[in-house]
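Engineer: Just add 5 to the spot in the sequence shown (first one is 1) and you have the numbering used here.
All residues carry an ideal CB built from backbone N, CA and C; glycine is no exception.
Just so we're clear, the structure is a prediction, and the values are computed from it rather than from any experiment.
This is the structure, below, for whatever I ask next.
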Amino acid sequence: MVSAGDFRNGVTLEIDGQVVQILEFQHVKPGKGAAFVRTKLKNVINGGVVERTFRPTEKFPAARIDRVDMQYLYADGDLYNFMDMNTYEQVALNKDIVGDALKFVKENETVKVCSYNGNVFSVEAPLFVELEITDTEPGFKGDTATGATKPAIVETGAQINVPLFVNQGDKVKIDTRTGEYLSRA
Numbered sequence: 006m007v008s009a010g011d012f013r014n015g016v017t018l019e020i021d022g023q024v025v026q027i028l029e030f031q032h033v034k035p036g037k038g039a040a041f042v043r044t045k046l047k048n049v050i051n052g053g054v055v056e057r058t059f060r061p062t063e064k065f066p067a068a069r070i071d072r073v074d075m076q077y078l079y080a081d082g083d084l085y086n087f088m089d090m091n092t093y094e095q096v097a098l099n100k101d102i103v104g105d106a107l108k109f110v111k112e113n114e115t116v117k118v119c120s121y122n123g124n125v126f127s128v129e130a131p132l133f134v135e136l137e138i139t140d141t142e143p144g145f146k147g148d149t150a151t152g153a154t155k156p157a158i159v160e161t162g163a164q165i166n167v168p169l170f171v172n173q174g175d176k177v178k179i180d181t182r183t184g185e186y187l188s189r190a
């Protein structure tokens with residue numbers, strides 16, 4: 006059990022039958038009245054964010070989220086197939102669960118599959134990936150104005166903005182959380 010006075014960012018709890026993660030918390034001691042804890046909570050199953058306040062003495066059970074490294078094998082229609090690296094057990098997940106998580110992930114890459122009580126609710130891509138540019142317009146000499154970018158398609162089919170000096174066939178490093186170009190690989 007975790008009391009509201011011991012809240013920390015990133016802690017996962019079970020509150021009112023919902024599994025939530027603490028995004029922000031603040032201990033508030035008003036001049037008059039009792040102290041309270043103001044929080045911003047994210048529902049890990051559906052992604053909704055709510056703000057709630059708690060008395061510092063309230064207690065909630067900690068929720069155990071299992072994150073398993075799995076290899077992304079292939080997509081078959083609306084099903085995405087993964088293999089557990091330890092047991093070689095294969096799992097097929099629906100497109101609704103996967104969402105945009107595999108936008109920058111190639112086949113045979115390792116991802117984290119998150120589950121609560123055996124029910125998978127999301128897939129986490131690696132933070133950074135290296136992908137090849139498959140289609141982009143060529144940059145012209147003299148087009149080096151500060152921070153100018155152009156659209157490019159990477160090998161997974163996703164579109165990103167890259168600097169003008171990046172050409173087709175170049176490998177680039179991408180931040181999967183934001184979809185931003187970081188550097189040439």
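What's the gap between the Cα of valine 7 and the Cα of glycine 152?
Structural biologist: Between valine 7 and glycine 152, the C-alpha separation is close to 47 angstroms.
Engineer: Among residues of its own chain, excluding the 5 on either side of arginine 3, which ones have a beta-carbon nearer than 7 angstroms to its beta-carbon?
Structural biologist: Missing from the structure shown is residue 3; the chain here goes from 6 to 190 and no further.
Engineer: Across which residues does DSSP place arginine 189 in a beta bridge pair?
Structural biologist: Paired residue(s): Val177.
Engineer: What are the boundary residues of the alpha helix (DSSP H) that isoleucine 102 is part of?
Structural biologist: Segment 100-103, the alpha helix (DSSP H) holding isoleucine 102.
Engineer: Look at the alpha carbon of glutamate 129 and the alpha carbon of glycine 38, and state the distance between them as a whole number of angstroms.
Structural biologist: Distance between the alpha carbons of glutamate 129 and glycine 38: 43 angstroms.
Engineer: Taking the alpha-carbon positions, what's the tyrosine 121 to leucine 169 distance?
Structural biologist: Those two C-alpha atoms are separated by around 44 angstroms.
Engineer: If you drop the 5 nearest sequence neighbours on each side, which residues of the same chain put their C-beta closer than 8 angstroms to that of isoleucine 70?
Structural biologist: Excluding positions up to five away in sequence, the list reads Thr17, Val24, Val49, Cys119, Ser120 and Tyr121.
Engineer: Determine, using beta carbons only, whether glutamate 19 and tyrosine 77 come nearer to each other than 8 angstroms.
Structural biologist: Their beta carbons are not under 8 angstroms apart, which means glutamate 19 does not touch tyrosine 77 by this criterion.
Engineer: Measure the alpha-carbon distance for glycine 123 versus glutamine 173 and round it to whole angstroms.
Structural biologist: Roughly 43 angstroms separates the two Cα atoms.
Engineer: By how many angstroms is the C-alpha of alanine 106 removed from the C-alpha of asparagine 86?
Structural biologist: Distance between the alpha carbons of asparagine 86 and alanine 106 is about 13 angstroms.
Engineer: Give me the DSSP bridge partner(s) of valine 49.
Structural biologist: For valine 49, which the question treats as bridged, DSSP gives no partner whatsoever.
Engineer: Quick check: the Cα distance between glutamine 31 and valine 42, rounded to an integer number of angstroms?
Structural biologist: When rounded, the distance between both Cα atoms is 6 angstroms.
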